[in-house]
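A quick write-up on the structure given underneath.
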Amino acid sequence: MAAAMEEHRRYLTQLDAAIGDADHGTNMHRGFQAALERLNGADPDTPADVLKAVSMALISKVGGAAGPLYGTAFLRAAGVLGGKGELSAADLAAALEAALEGIKQRGRAEEGQKTIVDALAPAVRAAREAADGGGSPEEVLRSAAEAARKGAEATVEMEAKKGRASYLGKRSIGHQDPGATSTYLLLDAAVRGLEG
Amino acid sequence: MAAAMEEHRRYLTQLDAAIGDADHGTNMHRGFQAALERLNGADPDTPADVLKAVSMALISKVGGAAGPLYGTAFLRAAGVLGGKGELSAADLAAALEAALEGIKQRGRAEEGQKTIVDALAPAVRAAREAADGGGSPEEVLRSAAEAARKGAEATVEMEAKKGRASYLGKRSIGHQDPGATSTYLLLDAAVRGLEG
Amino acid sequence: MKKIINAPEDVVPEQLRGMELARPDLLRYMPEANVLVRADAPVEGKVALVSGGGSGHEPAHGGFVGPGMLDAACAGAVFTSPTPDQMLEATKAVDGGAGVFYVVKNYTGDVLNFEMAGELAQAEGIETDYVVVDDDVAVEDSTYTSGRRGIAGTIFVHKIAGAAAEDGKDLAGVKEIAQRVNANVRSMGMALTSCIPPERGEPIFEIADDEMEIGMGIHGEPGTERKKIEPANSVVDELAAKVLGDDVDFTQGEVAVMVNGLGGTPVMELYIAYAHLADVLKREGVNVYRSFVGEYMTSLEMAGFSITLLRLDDEMKGYLDAPCRVAAGRPF
Amino acid sequence: MKKIINAPEDVVPEQLRGMELARPDLLRYMPEANVLVRADAPVEGKVALVSGGGSGHEPAHGGFVGPGMLDAACAGAVFTSPTPDQMLEATKAVDGGAGVFYVVKNYTGDVLNFEMAGELAQAEGIETDYVVVDDDVAVEDSTYTSGRRGIAGTIFVHKIAGAAAEDGKDLAGVKEIAQRVNANVRSMGMALTSCIPPERGEPIFEIADDEMEIGMGIHGEPGTERKKIEPANSVVDELAAKVLGDDVDFTQGEVAVMVNGLGGTPVMELYIAYAHLADVLKREGVNVYRSFVGEYMTSLEMAGFSITLLRLDDEMKGYLDAPCRVAAGRPF
Ligand SMILES: Nc1ncnc2c1ncn2[C@@H]1O[C@H](COP(=O)(O)OP(=O)(O)O)[C@@H](O)[C@H]1O
Ligand SMILES: Nc1ncnc2c1ncn2[C@@H]1O[C@H](COP(=O)(O)OP(=O)(O)O)[C@@H](O)[C@H]1O
Ligand SMILES: [Mg+2]
Ligand SMILES: [Mg+2]
Ligand SMILES: [Mg+2]
Ligand SMILES: [Mg+2]
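Residue numbers (our numbering), protein chains in the order written: chain A, 711 to 906; chain B, 711 to 906; chain C, 435 to 766; chain D, 435 to 766.
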């Protein structure tokens, strides 16, 4: 994920320049670099420990809107996984659901407001469907990422109601939301992580 | 003269931009506009009265280095002319000499320092020569203007020792001095005035 | 990139260190947290005021730390809200036992991070509360959206709530007057140029040489309208009409006026704008109590300005006039 | 032209009127003469201080008019010395019977015009005297040439001579301490961009995006060297070396330090420069008494800064610290 944020740093910042303040890429990159360092130092036991460490890094290093939102998401996901070692498809779906709940609560956002939620909510639905249909963990993530990509693309047509882009009102229409896009990129990076 | 300053305003300012602060054209234009207004309102009797009115306008409206210098020059020239009506060739030469003395005193400048003096001093010598040689008033002014032009051109090679350009040291070499140039343009305008 | 900096990633700590070195009488720098606190913090028994936000708005907020205003300022990366960790450090450093009050500008990031910091502080037994400032009338107000931005009006909250805390008000009292200031303050800005965040290295937006942006945010967020540059008086007319046309009736009582430069605009132009603003206010029946012309809340080197009106009551007047000692702008 | 102005020819009177309207407690504007005087002028029995110069250096000089500093400031056209007429009007308005003292920056125009004003005032029976400030070490010193320019160090003359006059010194005494300040103050600046005089409408000089100018004047006069932009610390090293290498020994006693922004440079960058300057001074054994970071003497929207060192004696320290009330930069 850190590599993905490194790779897409300028792209995300570019998206943020159009309707925000041109720092989303830098913010995410800084956060995931910090997470990487924390993980390299810590050698965590369980997936939940990894998520918790990432959450702490994001909360304490990112700032802006993305820091507390993604930080909360990773923390909540860690919460539902408890001490589990190997994660099942259902575990993954539940973790994504908890993450979404955390973000919605913290950000007081709903679908259709041109935020992270617009990528994560469809991702959660797709993950749940894949898990319920007996898909593998890899399939769960892959369908979540695919749905997030579509969700992020769908933000182009939306008018922002939350976050910095909301100040633009109708002028926010026609641009893809940086946060929704970074959500897709993170899920996509997770898929690649499993594959590679 | 006011027309000449209007015409050459940008040129003088351009010269001043290279080695000064880019206002000589604006300054001279403002001053001679004010002189014109003053003369239109006053209807002066003698050439000396005209010069005095111009001097007052320059002193009170120009500011910068050029205001007090040219103001003093016109005032001194008026001084030697007294109440005379028609001016002889000798009168003109004497007036130019007095103007030069005034400027040298006020500005503590000598020839070769890349200032007004470098146009006016050769002009005075040429005027004196023409007057002594029996030239007409028109010939006196014409040779003064011609000498001033050459003098102004010769400032290109000089290093400024007085005025704002002196801060540049050797970097002032290679540029024509704005004040010397405006002296030539004023004399040239006087010639045209007599001719036209 | 035309900047007097060393490495872009060092601008925040270097400038904070510079402020401490320049004003050791006023400021102490906590390098681990990128926080400036009052040199004499904590002040026993006083409610402590903490503000902060992304860097790039200097002198806000570190320049307003000192007796009579803020107890601490947390500096985020340029245009990026600081993190809860920093805020928690600041909170612990300034808590004098009477609680800590956060002055937060209404940006999602700032609000969320200060909220988390408040939760963390409360878990450590420090009472906290906050006000969210949203004075920018360029943005449409609505409870359904993020609402309005906080811009230069925030400085009036710092001053008045700061004086109230110095005067001994308790946490609830400080919150009440901070909210009262926010309810009575309205601002709007415009920009002629973009600014260049150091890490980005290029302007946030392109704007033609004959264009201006009305209703600009202080982070380079696009404004409400892009149009051809107009004379200063027309621009002031437009901003003033928006501010006066909002829901605060500025013809009642007296107002404080601020003409705030965004960083790249010379002092001369701010006074040219103020001259016309004073005429407009007079014509509209607005009585000016005091006015403030200068740089209070900037946006790096952006050229432009904002105007702010605050309707005062007697208590606010007293606190506005109360002495304070801060680094921002003081010549001597 | 990216400016918040109306007509270029109106910028001076409009901004002076704006200053009076913004600070009626401090300033009175004499529109016929483009002069700002202390609201309570003339002060009976006090030596009156008058300064002035071309406009475009705001807050200098009008922003330094007030109790404890200047009695009047004469504003010329942008970057053009004011005229003797204006100075005479100012002189008459502030003369309280103890004489009038002119603080003049060393530019041919300023010197000649103030000299003529002094002659005119003396003809009207008002005693006058003056100091010529020439603190800019970028220019080589020589009695044969015009000598050095007066730049930001002038503000220290305003402050200290102003406090001395307020303290009751007579004309000779004020002149003596003003000369003492000038003898002990040295400055040097640099610029990243040109400024745009309003009547000209375009930059005074072209400078590439990766270039800077060292030893820049405050009127857009070219500096001593043009080179590639370097990190802030290297630039500070270079300016500090020139200032410290001049003929005042700043390691004796204590010094006042000024980092002065030229108008377009954000506060952030001034503090970044100050952070390193403080390190350099410490390393060189210079003891800082007080420091001043901000915009004191600008050059319209030029990006850049200057550093100024003043070696203090005890009397100067007292006058530097004495209270004053002026419009420049005061936040509250
Ligand atoms: N209330 C919210 N709920 C969910 N996501 C949000 C909310 N506000 C903003 N966001 C997301 O945050 C992204 C911006 O993040 P970032 O640029 O890092 O923060 P900032 O806006 O503080 O600069 C937006 O693109 C949007 O997706
Ligand atoms: N001491 C001096 N004696 C004679 N001429 C001078 C002196 N100083 C400056 N000048 C002339 O004045 C000119 C500049 O005038 P101007 O641009 O109007 O004033 P400023 O330099 O104040 O902007 C120079 O080009 C030079 O010819
Ligand atoms: Mg952003
Ligand atoms: Mg000039
Ligand atoms: Mg941000
Ligand atoms: Mg000039």
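A virtual CB, placed ideally from N, CA and C, is assigned to each residue, including glycine.
Heavy atom of ligand 5 within 6 Å of residue i beta-carbon
i                 : result
Phe-513 (chain C) : yes
Asp-644 (chain C) : no
Asp-459 (chain D) : no
Beta-carbon gap between residue i and residue j smaller than 7 Å
i                 : j                 : result
Phe-548 (chain D) : Asp-731 (chain B) : no
Arg-620 (chain D) : Val-534 (chain D) : no
Ala-598 (chain D) : Ile-611 (chain D) : yes
Glu-492 (chain C) : Met-646 (chain D) : no
Val-912 (chain B) : Ala-775 (chain B) : An answer regarding residue 912 (chain B) cannot be provided, because it is not within the stretch 711 to 906 covered by chain B.
Tyr-705 (chain D) : Val-677 (chain D) : no
Ala-857 (chain A) : Ala-870 (chain A) : no
Ser-740 (chain D) : Gly-697 (chain D) : no
Val-538 (chain D) : Ala-482 (chain D) : no
Arg-852 (chain B) : Val-901 (chain B) : yes
Arg-759 (chain C) : Gly-500 (chain C) : yes
Pro-757 (chain A) : Leu-797 (chain A) : yes
Gly-488 (chain C) : Arg-583 (chain C) : no
Gly-414 (chain D) : Glu-600 (chain D) : What the structure shows of chain D is the stretch from 435 to 766, and residue 414 (chain D) is not part of that stretch, so it cannot be assessed.
Alpha-carbon spacing of residue i relative to residue j, whole angstroms
i                 : j                 : result
His-718 (chain B) : Thr-699 (chain D) : 35 Å
Leu-925 (chain A) : Thr-893 (chain A) : An answer regarding residue 925 (chain A) cannot be provided, because it is not within the stretch 711 to 906 covered by chain A.
Pro-665 (chain D) : Glu-688 (chain C) : 48 Å
Ala-831 (chain B) : Leu-711 (chain C) : 53 Å
Val-693 (chain D) : Tyr-753 (chain D) : 20 Å
Ser-485 (chain C) : Met-711 (chain A) : 33 Å
Gly-695 (chain C) : Ile-589 (chain C) : 13 Å
Ala-803 (chain B) : Leu-522 (chain D) : 34 Å
Asn-667 (chain C) : Asn-440 (chain D) : 7 Å
Gly-510 (chain D) : Ile-648 (chain D) : 26 Å
Met-750 (chain D) : Gly-751 (chain B) : 52 Å
Residue i Cβ short of 6 Å to ligand 1 heavy atom set
i                 : result
Ile-826 (chain A) : yes
His-734 (chain A) : yes
Pro-516 (chain C) : no
Simplified DSSP state of residue i, which is helix, strand or coil
i                 : result
Glu-869 (chain B) : coil
Gly-789 (chain B) : helix
Ala-532 (chain C) : coil
Ile-769 (chain B) : helix
Leu-779 (chain B) : helix
Ala-511 (chain D) : strand
Arg-634 (chain D) : coil
Ile-439 (chain C) : coil
Thr-658 (chain C) : coil
Leu-450 (chain C) : helix
Arg-472 (chain C) : strand
Near ligand 3: residue i beta-carbon under 6 Å from a heavy atom
i                 : result
Asp-726 (chain A) : yes
Gly-777 (chain A) : no
Gly-657 (chain C) : no
Residue i: CB within 6 Å of a non-hydrogen atom of ligand 6
i                 : result
Gly-774 (chain B) : yes
Asp-887 (chain B) : no
Residue i CB to nearest heavy atom of ligand 2 below 6 Å
i                 : result
Lys-436 (chain D) : no
Asn-737 (chain B) : yes
Lys-871 (chain B) : no
(Q) By the 7 Å beta-carbon criterion, what residues does the region 863-888 of chain B contribute toward chain D? (A) Lys-871, Lys-872, Gly-873, Arg-874, Ser-876, Tyr-877, Leu-878, Gly-879, Arg-881
Q.
Output needed in chain order: residues of the region 771-788 of chain B with a Cβ under 9 Å from some Cβ in chain D.
A. Lys-771, Val-772, Gly-773, Gly-774, Ala-775, Ala-776, Gly-777, Pro-778, Leu-779, Gly-781, Thr-782
Q: Name, going along the chain, the residues of the region 802-816 of chain A whose beta-carbon falls closer than 9 Å to a beta-carbon of chain C.
A: Arg-816
Q) Of all the residues that make up the region 691-718 of chain D, which are near chain C by a beta-carbon distance shorter than 7 Å? A) Gly-697, Gly-698, Thr-699, Pro-700, Val-701, Met-702, Glu-703, Tyr-705, Ile-706, Ala-707, Tyr-708, Ala-709, Ala-712
(Q) Beta carbons nearer than 7 Å to chain D: which residues of the region 441-471 of chain C have them? (A) Val-445, Glu-448, Gln-449, Arg-451, Gly-452, Met-453, Leu-455, Ala-456
Q: Output, in sequence order along the chain, the residues in the region 521-554 of chain C whose CB is closer than 7 Å to any CB in chain A.
A: Tyr-541, Thr-542, Gly-543, Leu-546, Asn-547, Met-550
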